[in-house]
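These notes concern the structure reproduced below.
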Amino acid sequence: MISRDRMLEEFLNLIKIDSISKKEGKIGKYLIDKLKKLGLAVKTDDAHKKVGGEIGNIIGYLKGTDPGKPTIIFNAHMDTVTPGEGIKAVVEDDIVRSVSDTILASDDKSGITAILEVLRCLKENNFSYGNIEVVFTICEEIGLKGAKSFDPGLVKGKFGFSLDSTNPDKIVVKAPAANTITFKVEGRSAHAGMAPEQGINAIYVASKAISKMRLGRIDDETTANLGIINGGIARNIVPNFVEIKGEARSHNLEKLETQTKHMEECFKSTIGNFKVKVDNKEYRASYKVDVQREYNPIKLSDDSLPVKLAMESGKALGRKMETIAIGGGSDANIFGEKGIQMVVLGTGMNKPHTKEEYLVISDMVKAAELLLKIVELNK
Numbered sequence: 070m071i072s073r074d075r076m077l078e079e080f081l082n083l084i085k086i087d088s089i090s091k092k093e094g095k096i097g098k099y100l101i102d103k104l105k106k107l108g109l110a111v112k113t114d115d116a117h118k119k120v121g122g123e124i125g126n127i128i129g130y131l132k133g134t135d136p137g138k139p140t141i142i143f144n145a146h147m148d149t150v151t152p153g154e155g156i157k158a159v160v161e162d163d164i165v166r167s168v169s170d171t172i173l174a175s176d177d178k179s180g181i182t183a184i185l186e187v188l189r190c191l192k193e194n195n196f197s198y199g200n201i202e203v204v205f206t207i208c209e210e211i212g213l214k215g216a217k218s219f220d221p222g223l224v225k226g227k228f229g230f231s232l233d234s235t236n237p238d239k240i241v242v243k244a245p246a247a248n249t250i251t252f253k254v255e256g257r258s259a260h261a262g263m264a265p266e267q268g269i270n271a272i273y274v275a276s277k278a279i280s281k282m283r284l285g286r287i288d289d290e291t292t293a294n295l296g297i298i299n300g301g302i303a304r305n306i307v308p309n310f311v312e313i314k315g316e317a318r319s320h321n322l323e324k325l326e327t328q329t330k331h332m333e334e335c336f337k338s339t340i341g342n343f344k345v346k347v348d349n350k351e352y353r354a355s356y357k358v359d360v361q362r363e364y365n366p367i368k369l370s371d372d373s374l375p376v377k378l379a380m381e382s383g384k385a386l387g388r389k390m391e392t393i394a395i396g397g398g399s400d401a402n403i404f405g406e407k408g409i410q411m412v413v414l415g416t417g418m419n420k421p422h423t424k425e426e427y428l429v430i431s432d433m434v435k436a437a438e439l440l441l442k443i444v445e446l447n448k
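To convert a position in the sequence shown, counted from 1, into the numbering used here, add 69.
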């Protein structure tokens with residue numbers, strides 16, 4: 070019923086359509102046409118206006134043959150990371166990999182492929198199923214911006230499945246919360262060769278603060294990272310400004326708060342040690358910090374409807390399913406905040422966000438088979 074050949078052809082078509090974040094217009098039009106041909110009513114929202122993109126989130130509605138059954142939501146994102154333009158791929162037995170100097174874009178076009186295949190099977194076969202809603206989001210890769218702009222009032226479903234992970238036999242039920250943290254340090258400019266003692270080197274000040282920080286893996290639930298540093302304008306000028314961007318993540322909100330405060334305290338305790346006096350006037354280093362909650366955690370019990378459905382469906386297919394926790398965020402985190410319980414399922418993508426990315430075709434097929442069984446067992 071699920072066709073491997075058809076799925077592979079669809080996947081190869083999808084990765085030929087460039088769709089880096091904010092430039093999902095072409096793939097959006099392609100998917101709208103596909104969904105309509107499969108019998109779905111389709112609408113788009115205005116999420117693109119909030120992020121400066123080309124098209125909003127796409128919402129498809131398939132009327133069920135048994136509307137008394139609960140409505141299911143299927144989700145995948147349309148955008149990719151860079152370098153993701155001009156992708157060329159080769160098929161080697163059960164593997165698809167990029168042969169260009171790019172990613173493959175199995176993240177998340179393998180998820181889109183699985184959803185489309187299930188919709189085709191429902192159209193072609195005499196199934197009893199409830200209403201199905203499809204949400205293809207934009208700008209997932211740059212901060213889950215499409216999902217954040219999504220109005221949950223556009224869907225009736227209260228639970229669903231996000232196709233955006235690796236192993237189709239593992240059900241993601243736990244994912245962390247994350248804070249983005251931006252530090253801005255101000256020092257004082259001076260000529261680095263003629264009067265360095267009149268300056269306060271903002272980069273040096275920041276480095277002293279960073280040297281105190283606990284970073285990397287903090288414990289089994291918590292991580293922290295500083296990933297971007299920008300400052301200075303010339304080799305011979307003492308830099309008066311530097312900006313540091315980082316994050317903290319944890320499955321435990323109390324630990325997330327503790328780690329975030331620790332990172333702030335490292336700057337607070339350091340800044341006061343740096344001052345200079347020039348022409349009888351004292352100058353001090355200063356800093357500002359901005360903390361934003363990027364997303365809240367996912368924590369679903371084994372008794373929650375999407376988890377039970379996925380477990381039962383996998384068992385019906387003769388698979389040994391497993392619930393897992395992951396260290397990254399996805400659209401599912403945001404849907405959870407909006408009152409929609411959503412687990413993340415795997416589609417065979419491996420090494421995403423790298424030029425070594427590859428897709429295991431049989432795993433993508435297994436993802437579609439699992440989705441179809443979920444639709445069948447949904448009561």
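Where is the CB? At the ideal position from N, CA and C, for every residue including glycine. All figures in this text were calculated on a predicted structure; none of them were measured in a lab.
{"Check": "Taking DSSP as the reference, what is the three-state secondary structure of SER88?", "Outcome": "coil"}
{"Check": "For SER234, which beta-bridge partners are listed by DSSP?", "Outcome": "GLY415"}
{"Check": "For ASN309, does the count of other Cβ atoms within 10 angstroms reach 16, so buried, or fall short, so exposed?", "Outcome": "buried"}
{"Check": "Alpha carbon to alpha carbon, what distance is there between MET380 and VAL204?", "Outcome": "22 Å"}
{"Check": "In terms of alpha-carbon separation, which member of ASP176, ALA394, THR416 and ILE86 lies closest to THR246?", "Outcome": "The sequence shown places Ala at residue 246, rather than the Thr named in the question. Closest option to ALA246, Cα to Cα, is ALA394."}
{"Check": "Sort GLU334, VAL347 and ARG283 by Cα distance to LYS357 and report the nearest one.", "Outcome": "GLU334"}
{"Check": "On the CB-based measure, 16 or more other CB atoms within 10 Å of its CB, does ARG318 come out buried or exposed?", "Outcome": "buried"}
{"Check": "Go to ARG353, then tell me how far its beta strand (DSSP E) extends in each direction, as first and last residue.", "Outcome": "350-353"}
{"Check": "Expressed to the nearest angstrom, what Euclidean distance is found between the alpha-carbon atoms of ILE156 and GLU438?", "Outcome": "27 Å"}
{"Check": "Whole angstroms is fine: what's the gap from GLU93's alpha carbon to ILE250's?", "Outcome": "28 Å"}
{"Check": "Exposed or buried, what is LYS337 when buried is set at 16 or more other beta-carbons lying within 10 Å of its beta-carbon?", "Outcome": "exposed"}
{"Check": "Which word fits PHE136, buried or exposed, when buried means at least 16 other C-beta atoms lie within 10 angstroms of its C-beta?", "Outcome": "Here residue 136 is Pro; the residue named in the question, Phe, does not match the sequence. Its Cβ having fewer than 16 others within 10 Å, PRO136 is exposed."}
{"Check": "Applying the criterion that 16 or more other CB atoms from any shown protein chain within 10 Å of the CB defines a buried residue, is THR423 buried or exposed?", "Outcome": "exposed"}
{"Check": "With burial defined as no fewer than 16 other Cβ atoms inside 10 Å of the residue's Cβ, what is the status of ARG283: buried or exposed?", "Outcome": "exposed"}
{"Check": "Within 10 Å of its beta-carbon, does LEU322 have 16 or more other beta-carbons around it, so buried, or fewer, so exposed?", "Outcome": "exposed"}
{"Check": "Would you report the Cα separation of GLY387 and GLU445, rounded to the nearest angstrom?", "Outcome": "15 Å"}
{"Check": "Going by beta carbon distance, what residues of the same chain come within less than 6 Å of PHE404, once the five residues before and after it are set aside?", "Outcome": "MET411"}
{"Check": "Buried or exposed, going by whether 16 or more other CB atoms sit within 10 Å of the CB of GLN361?", "Outcome": "exposed"}
{"Check": "Tell me where the alpha helix (DSSP H) around SER218 begins and ends.", "Outcome": "214-218"}
{"Check": "Between PRO99 and VAL159, what straight-line distance do the alpha-carbon atoms span, to the nearest angstrom?", "Outcome": "Here residue 99 is Tyr; the residue named in the question, Pro, does not match the sequence. Distance between the alpha carbons of TYR99 and VAL159 is about 22 Å."}
{"Check": "Given a threshold of 16 other Cβ atoms within 10 Å of its Cβ, counted over all protein chains shown, does SER234 qualify as buried or as exposed?", "Outcome": "buried"}
{"Check": "First and last residue of the beta strand (DSSP E) that includes LYS243?", "Outcome": "239-244"}
{"Check": "Residues in its own chain within less than 7 Å of GLY262 by CB, not counting five upstream and five downstream?", "Outcome": "ASN305"}
{"Check": "Excluding the 5 residues flanking LYS95 on each side, which residues of the same chain have their C-beta closer than 6 Å to its C-beta?", "Outcome": "ILE86"}
{"Check": "Ends of the beta strand (DSSP E) at LEU295?", "Outcome": "291-300"}
{"Check": "Check whether the segment 265-282 touches the segment 212-227, taking contact to mean three or more Cβ pairs, one atom from each stretch, closer than 8 Å.", "Outcome": "no"}
{"Check": "In angstroms with no decimal places, state the Cα-to-Cα distance between LEU295 and THR134.", "Outcome": "51 Å"}
{"Check": "Helix or strand or just coil, what does DSSP make of HIS422?", "Outcome": "coil"}
{"Check": "Name the two residues that bound the continuous beta strand (DSSP E) containing GLU316.", "Outcome": "310-319"}
{"Check": "Flag this pair as yes or no: are the beta carbons of LEU232 and THR416 separated by less than 7 Å?", "Outcome": "yes"}
{"Check": "So, under 8 Å CB-CB, GLU209 and ASP148 are touching, yes? Tell me the CB distance rounded to an integer number of Å.", "Outcome": "6 Å"}
{"Check": "Would you tell me roughly how many angstroms separate the C-alpha atoms of GLU425 and LYS103, rounded to the nearest one?", "Outcome": "29 Å"}
{"Check": "When the distance is taken between beta carbons, is LYS178 closer than 7 Å to ILE84?", "Outcome": "yes"}
{"Check": "Along the chain, where does the alpha helix (DSSP H) that runs through TYR427 open and close?", "Outcome": "Run containing TYR427: none in the alpha helix (DSSP H); it sits in the beta strand (DSSP E), 427-429."}
{"Check": "Is MET76 buried or exposed, if buried means 16 or more other CB atoms sit within 10 Å of its CB?", "Outcome": "buried"}
{"Check": "With DSSP run on the structure shown, which of helix, strand or coil describes VAL150?", "Outcome": "coil"}
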